[in-house]
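>
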Amino acid sequence: MKTNMQKLFLPALLVILASSAHADSPDAPTVVVTHSAVEGIGADPGVMRRDPSDIIQVDDLFYVWYSKGKISPGYDATIWYATSKDGHQWTEKGMALAKGEPGSWEGASVFTPNILVAEGRYWLFYTGTSKKYGKGFQPDSKIGIAVSDSPDGPWERLPTNPALSNSENRGDFDSHLVDDACLIVRDGKIWFYYKGRQLGKGPGQTQMGLAIADKPEGPYVRHEANPVIPGNHEVLVWPQGKGVAAMIGTTGPKAITNSILYAEDGIHFTKTHPLKNGPWAGGAYRPEAFTESGKGQLPDWGVEIGRPKGKQRGGLPFIQRFDVTEKN
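Counted the way mature numbering (1 follows the signal peptide of the UniProt record, and there is no 0) counts, the sequence shown spans residues -23 to -1, 1 to 305.
(1) Expressed to the nearest angstrom, what Euclidean distance is found between the alpha-carbon atoms of Ile18 and Gln182?
(2) Going along the chain, which residues of its own chain have a beta-carbon closer than 7 Å to the beta-carbon of Leu74, five neighbours each way excluded?
(3) The beta strand (DSSP E) with Tyr247 in it runs from where to where?
(4) Fully enclosed by the region 156 to 236, which beta strand (DSSP E) runs are 3 residues long or longer?
(5) Look up Trp67 in the DSSP assignment and say whether it is helix, strand or coil.
(6) Under a Cβ-count criterion, where at least 16 other Cβ atoms within 10 Å of its own Cβ denotes burial, should Lys248 be classed as buried or exposed?
(7) Measure from the alpha carbon of Gln115 to the alpha carbon of each residue in Gln175, Met72 and Asn146, then state which is nearest.
(8) When the Cα of Gly243 is compared with those of Ile161, Gly260 and Thr11, which residue comes out closest?
(9) Taking Val94 as part of the beta strand (DSSP E), name the residues at either end of that continuous run.
(10) One question on the structure: do Asp28 and Ile233 come within less than 9 Å of each other, judged by their Cβ atoms?
(11) Give me the Cβ distance between Pro204 and Phe150, rounded to the nearest whole Å; I'm assuming they're in contact under 8 Å.
(12) On the CB-based measure, 16 or more other CB atoms within 10 Å of its CB, does Gly292 come out buried or exposed?
(13) Would you call the region 164 to 174 and the region 247 to 263 touching, i.e. three or more CB-CB distances under 8 Å?
(14) Straight-line CA distance for Ala5 to Gly51?
(15) Please determine, among Ala202, Val155, Asn138 and Ile32, the residue with the shortest C-alpha to C-alpha distance to His65.
(16) Does DSSP put Thr60 in a helix, in a strand, or in coil?
(17) Could you tell me which of Pro79, Trp42 and Met25 sits nearest to Ser61, measuring between CA atoms?
(18) Are Trp215 and Glu269 closer than 9 Å when you measure CB to CB?
The structure is reproduced here in structure tokens:
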């Protein structure tokens, strides 16, 4: 008898395996990612910066939001933001969102932010947890939304939060955790991609889901095809022409890891390109993410989590830049 996980996992994987033979053709160029340091929000002794949002441009400034704290994980953090004119030199502007009230679903940490621009306003999606990080810690993350008339805030939490909670059905792929929102506007609706983990499963068995709403504030309804991608520990999607593309890192079935996937309907993804040196928890500059222009394409650049190396070992995560090219 198939387990609940097998019932969820196999249909999505079979779709990818059935199509990968022709989708990832020998002529498909490899998407290559390079990594470089940034100034202003890079490595900083005693400071953790991680989980950057996707990047938006407002007038002549790029904006990014991220988790900031004093420990390596994001489970004791607040949300900060920075601006830049060139994507290399950044100015940290301050805290965007503090922890919620003690004892609330977001009282222990707010982290992993992402941004939506819709209806002339800015919608900051973020993950919250209620449990203090420490020995025996088991996260209980949910996703909330704060809104502002300006990318500089102030931000007002929605009274309907959390916008997305872990499923109450133990057999669902997201019955333990939901995290890592990534938003696009499609068909006049808000498409909310996220990662989920089932109760009893580890981080390596994380999968990707989709919830859709008519309005930025929700309510968000899970898609019946969930999980739409049977892997990936981070969520990075963007409009690609008429469809949706996703960048998949090192977590998940071998059929899809280190690759670019594409779905014309935004739901049934197939592999199109191999990926080399992909970003870790990358947030991309996606200028067509909310326009419904049909002109979306592979992002040129973004920011990601930088991991300490060499003499930095033992240090804390930081923000660095990534750039994307295609090579035959």
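By construction, the Cβ of each residue, glycine as well, lies at the ideal position given by its N, Cα and C atoms.
Inspection of the coordinates gives the following:
(1) Residue 18 sits at position 41 when you count from the first residue of the sequence shown. Residue 182 sits at position 205 when you count from the first residue of the sequence shown. Whole-angstrom Cα-Cα distance: 31 Å.
(2) Sequence index remark: in the sequence shown, residue 74 carries index 97 (1-based). Closer than 7 Å at Cβ, skipping near neighbours: Thr55, Ile56, Val87, Leu101, Tyr103, Ala123 and Trp132.
(3) For the purposes of this step, residue 247 is taken as the residue at position 270 of the sequence shown. The residue asked about is misnamed: residue 247 is Thr in this sequence, not Tyr. Its beta strand (DSSP E) spans residues Thr247 to Lys253.
(4) Assignment of beta strand (DSSP E) within the region 156 to 236, counting only whole runs of 3 or more residues, yields 166 to 174, 184 to 190, 214 to 217 and 220 to 225 in chain order.
(5) Position 90 of the sequence shown holds residue 67. Strand.
(6) Residue 248 sits at position 271 when you count from the first residue of the sequence shown. The Cβ neighbour count for Lys248, taken over all protein chains shown within 10 Å, is at least 16; the residue is labelled buried.
(7) Reading the sequence shown from its first residue, position 138 is the one you call residue 115. Scanning Gln175, Met72 and Asn146 for the CA closest to the CA of Gln115 turns up Gln175.
(8) Taking the first residue of the sequence shown as 1, we reach residue 243 at position 266. When the alpha-carbon of Gly243 is set against those of Ile161, Gly260 and Thr11, the nearest one is in Ile161.
(9) Here residue 94 corresponds to residue number 117 of the sequence shown, with the count starting at 1. First-last of the beta strand (DSSP E) with Val94: Ser86 to Ala95.
(10) Here residue 28 corresponds to residue number 51 of the sequence shown, with the count starting at 1. Here residue 233 corresponds to residue number 256 of the sequence shown, with the count starting at 1. If you check the CB distance, Asp28 and Ile233 do not come in under 9 Å.
(11) As a first step, residue 204 is located in the sequence shown; it is residue number 227 there, counting from the start. As a first step, residue 150 is located in the sequence shown; it is residue number 173 there, counting from the start. That pair is a contact at about 5 Å.
(12) On the sequence shown, position 315 is the one that residue 292 refers to. Gly292 is buried by the Cβ-count criterion.
(13) No: the two stretches stay apart, fewer than three of their Cβ pairs being nearer than 8 Å.
(14) If you number the sequence shown from 1, residue 5 lands on position 28. If you number the sequence shown from 1, residue 51 lands on position 74. Looking at the backbone, the Cα of Ala5 and that of Gly51 are separated by about 36 Å.
(15) One-based indexing of the sequence shown puts residue 65 at position 88. Checking every option, the nearest Cα to that of His65 belongs to Ile32.
(16) Against the sequence shown, residue 60 aligns to sequence position 83. Thr60 falls in the strand class under three-state DSSP.
(17) Stepping through the sequence shown from its first residue, residue 61 is reached at position 84. Ranking Pro79, Trp42 and Met25 by CA distance to the CA of Ser61 puts Trp42 first.
(18) The residue given as residue 215 occupies position 238 in the sequence shown. The residue given as residue 269 occupies position 292 in the sequence shown. Taking a C-beta distance under 9 Å as the contact criterion, Trp215 and Glu269 do not qualify as a contact pair.
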